[in-house]
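4 protein chains.
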Amino acid sequence: MTNTQVTLVQIDNYGPWTVTPEPRREVDLQTLQSRLYADLSQLIGNRMGYVFFTRFDNMVAVTNGLDADAHALIQESVGNRYPVTVSLSIGVDSSPAAALGTATDQLQDAGSAQDKGRTEILRGDPIQPSERTDTDVQIAHFDVNDATGKYTDQLNEFDSFINIEQGYAELMRYMRHENDSLSFFVGGDNIIAVCDGIDEAAYLDAIEHVNETVGVELKVGVGLDRTAQAAGMAAKHALETCREENTDVEFAR
Amino acid sequence: MTNTQVTLVQIDNYGPWTVTPEPRREVDLQTLQSRLYADLSQLIGNRMGYVFFTRFDNMVAVTNGLDADAHALIQESVGNRYPVTVSLSIGVDSSPAAALGTATDQLQDAGSAQDKGRTEILRGDPIQPSERTDTDVQIAHFDVNDATGKYTDQLNEFDSFINIEQGYAELMRYMRHENDSLSFFVGGDNIIAVCDGIDEAAYLDAIEHVNETVGVELKVGVGLDRTAQAAGMAAKHALETCREENTDVEFAR
Amino acid sequence: MTNTQVTLVQIDNYGPWTVTPEPRREVDLQTLQSRLYADLSQLIGNRMGYVFFTRFDNMVAVTNGLDADAHALIQESVGNRYPVTVSLSIGVDSSPAAALGTATDQLQDAGSAQDKGRTEILRGDPIQPSERTDTDVQIAHFDVNDATGKYTDQLNEFDSFINIEQGYAELMRYMRHENDSLSFFVGGDNIIAVCDGIDEAAYLDAIEHVNETVGVELKVGVGLDRTAQAAGMAAKHALETCREENTDVEFAR
Amino acid sequence: MTNTQVTLVQIDNYGPWTVTPEPRREVDLQTLQSRLYADLSQLIGNRMGYVFFTRFDNMVAVTNGLDADAHALIQESVGNRYPVTVSLSIGVDSSPAAALGTATDQLQDAGSAQDKGRTEILRGDPIQPSERTDTDVQIAHFDVNDATGKYTDQLNEFDSFINIEQGYAELMRYMRHENDSLSFFVGGDNIIAVCDGIDEAAYLDAIEHVNETVGVELKVGVGLDRTAQAAGMAAKHALETCREENTDVEFAR
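Protein chains in written order, with full-length UniProt numbering: chain A, 1 to 253; chain B, 1 to 253; chain C, 1 to 253; chain D, 1 to 253.
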């Protein structure tokens, strides 16, 4: 059974800040958001976690291996370098969706995302080191079959994007409802899902569902390990195996 | 009539690079992609353009006011600072979708996105300064009504995200097919669309369509100007008017 | 005669901020400072200016070609993305040192660098476009003869650094007092000086002085143009000529 | 007795790269260098180390607590995100200067800094965890007495800078030769020295020497701990004590 530690990262009171005293230049907001995400990728990633940009003002991270001190350091480092601060809330569950549910509840209990007085919240309990196992995190790395040949090199770029986006929108919803999994678009034709130790049949079912519903053909490599980084790298290698052997689902060995 | 100048930014041969010689660490790829986008936001944004992250390996920019030299400088600056290079292709049309179609065609003609020998392409003709007008770019800035109150402060963050994402997926498709417009999620509950000078009825129709189809309620501020930055800032102010006056569509005066 | 436009960039009330409420983590301060400098390099550099890190909390830029609006945009963009703000003060003079003197005076008149109420000052008048000429900026690019062979590949790195640093400390002082020029270490074994249209004899004299005083052998390429970027690139090519022809001073033709 | 672990970071074959095929735009080189330094500050800093920009193409880090894997990860992460690679060489000694000497020797033995074939070297042995103690690193944080009042708010900014720079050049040389210590300018009026467990008399002597030689008045806070970060933060607090109690040297208790 997996045991996923999820951290919800929320920029404090961000919406109001973006229009105070006047709406701020969009390109500066875009720069701020994407650089904050890049920094979190390094801060969390170099401790073997993964973070996903999600809505940028709310980001979701898989943080198995990061203790409370590591979270506090990340929060402090952001506060020292950005005009905004972040709140962090940690949830743990075999189901990634339930873990994020716990993390969200804790943050909502502390106050609204647009409450000026609710800043730099740090809630939740990381997994104890003694309870960690080598099968705590399952990561599935999907991509689209021959996306470059079928889309990028053929269609208007926006239509390529629509195809990828419809595939993603369908997969994210299906995986959430059928498998308690959290799926994130990570650029190109790639989607990374954090899963509750689901099996080959479940992956095949999701791939079929997306193909039947929106006509986008996916394949997936799956890895299982102690941290998001280790599981994710195993998933990438498994995806390479899919490519070489022309298969739809591969589990890392 | 609008006259949108669109630039397609494509990372050269990116897919193969990400797995050569072995799959690279995902967090480094995420950092690279989001910082490249941040840099383009500044490079293009400080010349009054807008750039959208789209798929990150393919980004779409509105570049009215940027001539060929400005494009060449951006291309050179990226080449000097990243392990990857970018190709740029410029299209101009009253229809943003058609402009991007031209830009895409030009780049596809130059070779595949995964052709090792096709690097740092720069194609297409910017608008001549003498032909530019104060109504060349129409920008529509949408957001979700009370997203914080209805979603962020209530739901599991992933379910908030699913709602925003379904709203976006529906809007992008509808605006593309009905209005030749290009719509981009820009974080939070915000979507920015580059439009072909469409009117209030067309915006109301799109908002109704999204509400009926996926139950997400949008409002929109619309600006028209010489550059994306000026039109976009006007749109933001118009969106503030929607908020204050509780209306669905506002055009900047 | 040159006509250098210099901008002093000063982080507002930075010293007190770094220790409020407690001393902030040094690595975050270093990250903040060097990224702010990197951003200014792009914001100013992509408008054909040069900026030097100097003391990081006070930076000096050569901004021929940047008008007041460009300065205001840079100031706004920093304010939107950093936890600190910057003041900018512009001076113009045939002497770079005198231009910086004017810029400094204007900022000192506005209040102390550690005055909480003195933020985002923007003072001084850029050169009128009609008064700009192709010989407004002289840039001299120095490097150390065979620094890799004599220092980097031979000495303890700190002793290499001491040599470079003593060479720089001597050159900066001499060029300031003898030639009203501003010299900046820019990394490696490179020093860039902004000069008042001085001639070959003055450069040879400075090189001799440094060699005699601290035993560091320099050579220099010199460029003259409308902007720092153009003059600086010409200087780099001239320095390549020094390397190829084994000469001490070369002026770009 | 201190036991400093020093890592020399050297950009591989950087000089030739900056002029190949033609000299690259200086502002892009400045951006690249300062961002690489910022990234290393985070990568090393968030593992409790310190890194100093030194010459930018050669940087010096204090890395007590970073093992070989952490070094390898940093090297890989840079290689994934920059157009250049870095070599890393680790030395350990009670004398910081000797530790850097070892690190430099190892890298020089591997080949020239401008040898195309010598890339991504990783040499040297970090301290074994069992051998680490709470007094391994001594950090001294100097600043200039009333630098804002005497220099920044009074003089031409370049003359302020000359004063700070002369103070630094004198201190770095003296501390290296008298105390085997490595001193680095870190911006503003701040100098951080990595020291070989020297005592109050040695600090007072250095301060007097700088004052007598170049007329710059320094004070210093000193911290001793297991890591650079912990020792450095203690030093900052001790420096605050100097400010409050108007003393020249304070050791953290």
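Just so you know, even glycine gets a beta-carbon here, dropped at the ideal spot from N, CA and C.
- For the stretch 22-95 of chain B, the continuous beta strand (DSSP E) assignments of 3+ residues that do not extend past its boundaries occur at 50-52, 58-62 and 86-93, in sequence order.
- Judged by their CB atoms, B/D39 and C/Q42 are nearer to each other than the 9 Å cut-off.
- Close to C/Q138, with beta-carbon spacing below 8 Å, lies no residue of chain B; the smallest spacing is near 23 Å.
- DSSP places C/L182 in the uninterrupted beta strand (DSSP E) bounded by L182 to F185.
- Secondary structure of D/Q5 (DSSP, three-state): strand.
- Around A/K236, the beta-carbon contacts reaching into chain B at under 8 Å are V19, P23 and E26.
- Neighbours of A/Q42 in chain D, taken as residues at a C-beta separation under 8 Å, are given in chain order as D39, Q42, L43 and S77.
- Nearest neighbour of C/V92 by Cα position, chosen from C/L122, C/T119, C/D136 and C/R81, turns out to be C/D136.
- In this structure, D/D189 and D/I164 form a Cβ contact; the two beta carbons are roughly 6 Å apart against a cut-off of 8 Å.
- Remark: C-beta atoms of B/T18 and B/S89 do not approach each other more closely than 9 Å.
- Three or more Cβ pairs drawn from the stretch 100-118 of chain C and the stretch 155-170 of chain D lie within less than 8 Å of each other, which places the two stretches in contact.
- Counting along the chain, D/A228 sits inside the alpha helix (DSSP H) bounded by residues A228 to E245.
- Between D/P23 and C/M233, the beta carbon gap of about 7 Å places them in contact (Cβ cut-off 8 Å).
- In this structure, D/S94 lies near D/T4, with their beta-carbon atoms less than 9 Å apart.
- At least one C-beta of chain C is nearer than 9 Å to the C-beta of B/L73.
- Inclusion of A/Y203 and A/V220 in the CB contact set at 9 Å is warranted, their separation being smaller than that value.
- Distance between C/Y37 and C/A230, taken at the CA atoms: about 20 Å.
- The DSSP-derived three-state label of D/D146 is coil.
- Residues of the stretch 213-226 of chain A with a Cβ closer than 9 Å to any Cβ of chain C: none.
- At a cut-off of 9 Å between beta-carbon atoms, C/P83 makes contact with chain A.
- In this structure, the CA atom of D/N156 is about 22 Å from the CA atom of D/T213.
- A/I198 sits in coil when the DSSP states are folded into three classes, being neither helix nor strand.
- The three-state secondary structure of C/A103, taken from DSSP, is helix.
- Counted as a single uninterrupted DSSP element, the alpha helix (DSSP H) harbouring C/D159 occupies residues E157 to N179.
- Taking one beta carbon from each stretch, the stretch 128-148 of chain D and the stretch 176-189 of chain D have 3 or more pairs nearer than 8 Å; the two touch.
- A residue is called buried once 16 or more other Cβ atoms fall within 10 Å of its Cβ, and C/K116, having fewer, is exposed.
- Following the DSSP letters along the chain, one finds D/G15 in no beta strand (DSSP E) but inside the alpha helix (DSSP H) bounded by residues Y14 to T18.
- B/T2 and B/V210 have their C-alpha atoms roughly 25 Å apart.
- Where D/G223 is concerned, the enclosing beta strand (DSSP E) starts and stops at L218 to D225.
- The DSSP-derived three-state label of A/A252 is coil.
- Contact annotation: C/D225 and C/D134 have beta-carbon atoms nearer than 9 Å.
- With a contact defined as Cβ atoms closer than 8 Å, B/N80 and D/R25 qualify at about 6 Å.
- According to the DSSP secondary-structure assignment, A/V137 is paired through a beta bridge with A/D225.
- Among the CB atoms of chain C, one or more fall inside 9 Å of the CB of D/N58.
- For D/N46, a Cβ of chain A is located within less than 9 Å of the residue's own Cβ.
- In the three-state reduction of the DSSP assignment, B/Q108 falls in the helix class, which pools H, G and I.
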